[in-house]
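Take a look at the structure set out below.
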Amino acid sequence: IPLPEPLPEQFTVEFRVMTTDPLHRANLQLFSDGSDDTPDTRCTYPPNPHLFVQSNGQGLQLPGGYGAPKAEENMGLTENEWMTVALGCDGPYCKMFIDGERVANVPNYEFPKASKLHVFMNVYRYSLFVDDIRIAEGGARSLYDDLQAEGFISTNAIRFDSGSATLKPESGGILNEILMMLQEHSDLDLLVEGHTDSDGADDANQTLSEDRAEAVAAWFIDHGIDAGRLDTVGHGESQPVSDNGTAEGKAENRRVVFRQR
Numbered sequence: 119i120p121l122p123e124p125l126p127e128q129f130t131v132e133f134r135v136m137t138t139d140p141l142h143r144a145n146l147q148l149f150s151d152g153s154d155d156t157p158d159t160r161c162t163y164p165p166n167p168h169l170f171v172q173s174n175g176q177g178l179q180l181p182g183g184y185g186a187p188k189a190e191e192n193m194g195l196t197e198n199e200w201m202t203v204a205l206g207c208d209g210p211y212c213k214m215f216i217d218g219e220r221v222a223n224v225p226n227y228e229f230p231k232a233s234k235l236h237v238f239m240n241v242y243r244y245s246l247f248v249d250d251i252r253i254a255e256g257g258a259r260s261l262y263d264d265l266q267a268e269g270f271i272s273t274n275a276i277r278f279d280s281g282s283a284t285l286k287p288e289s290g291g292i293l294n295e296i297l298m299m300l301q302e303h304s305d306l307d308l309l310v311e312g313h314t315d316s317d318g319a320d321d322a323n324q325t326l327s328e329d330r331a332e333a334v335a336a337w338f339i340d341h342g343i344d345a346g347r348l349d350t351v352g353h354g355e356s357q358p359v360s361d362n363g364t365a366e367g368k369a370e371n372r373r374v375v376f377r378q379r
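Sequential numbering from 119 applies to the sequence shown in the working numbering.
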């Protein structure tokens with residue numbers, strides 16, 4: 119995977135993974151060897167620290183070894199269903215999440231920095247699929263800096279099913295980043311605001327925005343954040359930040375805002 123520049127000190131990696139048969143061994147390795155050269159494709163186990171996700175008949179796991187983080191527990195796999203894997207690093211300190219649940223916490227995980235990431239997959243008879251690989255600069259600390267500087271974080275990356283408050287799987291990346299921020303700053307309390315575009319009736323949009331804010335807060339509570347640290351409010355379509363007359367403007371107006379209480 120070519121990158122515009124070497125990985126920074128703070129970065130996140132997120133992708134989705136699915137297997138057609140969780141009872142058989144399959145693994146995926148995401149790594150950097152510290153150079154921009156193309157590695158030997160016959161390589162199966164890179165000798166340097168890397169992200170190693172494995173299905174072994176007992177669930178999805180991070181088995182450790184070769185400098186990789188080891189999961190605290192296995193995560194159950196369901197046949198033909200996507201799971202979201204997220205890695206957030208701040209220097210040598212990294213955390214790993216699977217479907218929003220933290221499964222590894224590593225204080226000395228030196229992921230080599232280069233302008234390429236390499237992906238290897240090893241399967242036998244059955245299929246392992248990878249989708250929606252996202253690599254971004256920054257992490258929980260940069261979000262916290264933004265929050266301190268601006269007083270709020272606004273994001274369109276938290277996605278919902280159309281007309282509902284059901285979170286889509288691709289929301290996991292930003293949710294995990296905010297989760298890490300909340301975990302690292304235990305004195306931080308947030309107000310979660312829901313906002314919609316102008317499609318539909320005003321009262322329906324008001325209710326939808328409230329439900330979406332509550333769904334986001336519930337996600338954090340389900341992942342270990344005390345409910346007392348979160349408040350929610352919905353503003354419906356009443357506070358647009360862009361023109362509701364265009365598709366792009368509507369997409370910008372469908373957002374979730376986090377404000378420090």
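A virtual CB, placed ideally from N, CA and C, is assigned to each residue, including glycine.
> In terms of alpha-carbon separation, which member of Val374, Gly291, Asp361 lies closest to Arg330?
Replying inline: As a first step, residue 330 is located in the sequence shown; it is residue number 212 there, counting from the start. Measuring from the Cα of Arg330, the nearest candidate turns out to be Val374.
> In chain order, which continuous runs of the alpha helix (DSSP H) of length 4 or greater are located wholly inside the region 312 to 346?
Replying inline: 320 to 340
>> If you reduce the DSSP assignment to three classes, tell me which class Val375 lands in.
In response: Mapped onto the sequence shown, residue 375 falls at position 257. Reduced to three states, the DSSP call for Val375 is strand.
> Could you give the distance in angstroms between the alpha-carbon of Arg277 and the alpha-carbon of Glu288?
Replying inline: Position 159 of the sequence shown, counted from the first residue, corresponds to residue 277. Position 170 of the sequence shown, counted from the first residue, corresponds to residue 288. Those two C-alpha atoms are separated by around 7 Å.
>> Below 8 Å, how does it come out for the region 307 to 317 and the region 337 to 352: are there three or more Cβ pairs, yes or no?
In response: yes
> Is there contact between the region 123 to 139 and the region 241 to 256, where contact requires at least three CB pairs shorter than 8 Å?
Replying inline: yes
>> Need the endpoints of the alpha helix (DSSP H) that Ile296 sits in, please.
In response: Taking the first residue of the sequence shown as 1, we reach residue 296 at position 178. Here the alpha helix (DSSP H) through Ile296 covers 290 to 302.
> Using the C-alpha atoms, what's the distance from Asp305 back to Asn274?
Replying inline: By 1-based counting over the sequence shown, the position of residue 274 is 156. By 1-based counting over the sequence shown, the position of residue 305 is 187. Their backbone Cα atoms lie some 25 Å apart in a straight line.
>> If I measure Cβ to Cβ from Asn362 and keep anything under 7 Å in the same chain, skipping five residues before and after, which residues do I get?
In response: For the purposes of this step, residue 362 is taken as residue 244 along the sequence shown, with counting starting at 1. So the list reads Asp315, Ser316, Lys368, Asn371, once near-sequence residues are dropped.
>> Using a Cβ-Cβ cutoff of less than 8 Å, which residues in the same chain neighbour Asp250 once the five nearest sequence positions on both sides are dropped?
In response: If you number the sequence shown from 1, residue 250 lands on position 132. Glu132, Phe133, Arg134, Glu288, listed in sequence order.
>> In whole angstroms, give me the CA-to-CA distance for Pro124 and Asp320.
In response: Position 6 of the sequence shown holds residue 124. Position 202 of the sequence shown holds residue 320. Straight-line Cα distance between these residues: approximately 47 Å.
> Contact check, Phe270 vs Arg377 under 8 Å by CB: the rounded distance?
Replying inline: Locating residue 270 in the sequence shown gives position 152, where the first residue counts as 1. Locating residue 377 in the sequence shown gives position 259, where the first residue counts as 1. Yes, they are in contact, since the Cβ atoms of Phe270 and Arg377 sit about 5 Å apart, within 8 Å.
>> So, under 8 Å CB-CB, Gly291 and Arg252 are touching, yes? Tell me the CB distance rounded to an integer number of Å.
In response: The sequence position of residue 291 within the sequence shown is 173, counting from 1. The sequence position of residue 252 within the sequence shown is 134, counting from 1. Their Cβ separation, rounded to whole angstroms, is 6 Å, which keeps Gly291 and Arg252 in contact under 8 Å.
>> Does Tyr262 come out as helix, strand or coil in the three-state DSSP assignment?
In response: Looking up residue 262 in the sequence shown gives position 144. It is helical.
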